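Quick note on numbering: my numbering labels position 286 of the sequence shown as 834, and the sequence is numbered without any gaps.
Yeah, the Cβ is synthetic: ideal placement off N, Cα and C, and Gly gets one too.
These numbers come from a predicted model, not from an experiment.
Notes follow the structure.
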Amino acid sequence: MNSTTRGRSAPSEWKLFFVCINSFLALATLFGNYIVVRAILKFPNLRTASNSILVSLALVDLLMVAVFILQVVESALEKSRRRLCIGKSILSFSLNANIILHLALISVERVIAVKFALRYHTIVTIRRAIFASIGVWMLAILLTIIFPQALKADGRQTFREFLGGLTTCLFREKGKDFFRNSNSNVIVYLTFLVAALLFLPMSTVVISYGYIFNVAYRQQRRVQDVHTMQSITLTMKLEMKAARTVAIVVGLCFISIVPLLLTLCLHFLSESINITKHNYTSLTWQQV
């Protein structure tokens with residue numbers, strides 16, 4: 549009797565914990581990004597090109613509140629959760645892709661600010677920054693929502709398999725054999741999405757901030773060697789501190805993606821090992 553009661557109460561406790569976490573994330577995301585947008589719009593001196601990209605990123609983060617709300621609603625529902633789960637997963641995937649592309653755009657803007665310091669204001673204008681942000685929005689929507697509709701030309705099952713690669717809602721039905729039995733077009737496009745929306749932006753961010761820290765370090769050494777004015781040294785320290793702060797924020801965003809990436813890599817490796825073992829066993833039995 550006690551074990552049955554504990555078994556029933558455990559899922560409800562986890563559900564309550566899940567609801568609390570998502571509610572906290574929704575409120576924190578809403579409050580934090582609202583402050584960023586309000587501050588930049590209120591103070592004219594903050595309306596710069598780099599902050600225009602930051603406002604665009606904050607707007608994407610504000611839309612993530614809808615994902616947290618949908619997760620709470622999904623956990624509260626007992627039936628008819630599949631369609632809600634699929635819609636939530638597609639929205640979450642599109643917004644996360646948008647966020648990652650914005651982080652890559654910010655890193656490129658910082659490289660331009662360091663490499664072309666004297667021509668920065670002529671290269672990066674507010675208008676160009678807004679156009680670049682709109683381009684990032686359009687690219688994320690095209691790759692995650694519009695282009696996948698072309699998979700419907702191969703049949704409804706192919707599109708269903710693509711959705712299964714983005715969410716666990718359909719993945720539960722096929723289990724381990726999902727990627728092995730899926731259409732080759734689905735595997736190719738999912739691989740392309742991982743490369744275009746994860747590896748390429750991540751490489752851009754890492755290379756960009758590596759270059760920024762290298763330049764900042766060399767300039768700091770140069771200033772110390774020639775014993776220039778104390779104000780210049782202080783300015784360099786502030787620039788280095790600002791770059792370090794941005795790198796920490798961007799690094800934390802990417803670290804949050806690492807568990808998912810490791811899980812996918814381990815899944816593909818385990819599938820490859822299982823296939824290799826199966827082929828080796830079949831060849832051995834044929835020889836016998």
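DSSP three-state assignment for Ala688, whether helix, strand or coil: The answer is helix: DSSP assigns Ala688 an H, G or I state.
If you check the beta carbons only, do His650 and Val603 fall under 8 Å apart? no
Are the region 589–607 and the region 642–657 in contact at 8 Å, needing three or more beta carbon pairs? Per the Cβ contact rule, the region 589–607 is in contact with the region 642–657 (3 or more Cβ pairs under 8 Å).
Pick out the complete alpha helix (DSSP H) segments inside the region 628–680, 4 residues or longer, and give them in chain order. Secondary structure within the region 628–680: the alpha helix (DSSP H) runs of 4 or more consecutive residues, fully enclosed, are 630–663 and 668–671 (chain order).
Which same chain residues, not among the five before or five after Leu610, have their C-beta less than 6 Å away from its C-beta? Asn581
What is the DSSP secondary structure of Phe591, reduced to helix, strand or coil? coil
With the cut-off set at 8 Å, would you say Ala587 and Leu594 are in Cβ contact? yes
Who are the Cβ neighbours of Val585 in its own chain at under 6 Å, not counting the five residues just before and after it? Val603 and Ala606
Candidates Phe565, Leu690, Trp562 and Val763, of which the one nearest Ala665 by Cα: Val763
Touching by the beta-carbon criterion (3+ pairs, under 8 Å), the region 637–649 and the region 564–574: no
Beta-carbon proximity list for Ala744, same chain, < 8 Å, skipping 5 on both sides: Leu691
I need the boundaries of the alpha helix (DSSP H) containing Ile693, first residue and last residue. That residue, Ile693, is in no alpha helix (DSSP H); it is neither H nor E in DSSP.
Here's the rule: buried if 16 or more other CB atoms are within 10 angstroms of the residue's CB, otherwise exposed. What is Ala688? buried
What are the boundary residues of the alpha helix (DSSP H) that includes Phe616? Ala597 to Ala624
Among Thr670, Tyr737 and Ala677, which residue has its Cα nearest to the Cα of Gln697? Tyr737
Consult DSSP for Arg556 and reduce its assignment to one of helix, strand or coil. Unreliable placement is indicated for Arg556, whose pLDDT of 49 sits below 50; no coordinate value is reported for it.
Apply the 10 Å Cβ neighbour rule to Ala591 and answer buried if 16 or more other Cβ atoms are within range, or exposed otherwise. In the sequence under discussion, the amino acid at residue 591 is Phe, which differs from the Ala named in the question. It counts as exposed.
Are Arg658 and Ile760 closer than 8 Å when you measure CB to CB? yes
Spatial neighbours of Cys568 within its chain, please: CB distance less than 8 Å, with the 5 preceding and 5 following residues excluded, ordered by chain position. The answer is none, since no qualifying residue turns up.
Nearest CA to the CA of Leu741: which residue from Ala614, Arg766 and Ile694? Ile694
Expected contact under 8 Å - CB spacing of Ala597 and Thr673 to nearest Å: Approximately 6 Å separates the beta-carbon atoms of Ala597 and Thr673; this is inside 8 Å, confirming the contact.
Is the beta carbon of Val615 closer than 8 Å to that of Leu639? yes
Can you find the residues in the same chain that come closer than 8 Å, C-beta to C-beta, to Phe565, ignoring five residues on each side of it along the sequence? No residues qualify anywhere along the chain.
Within the same chain, show all residues whose beta-carbon is closer than 7 Å to that of Val608, passing over the 5 residues directly before and after it, in chain order. Leu643, Asn646, Ile647 and His650
Measure the alpha-carbon distance for Ser756 versus Glu561 and round it to whole angstroms. 44 Å
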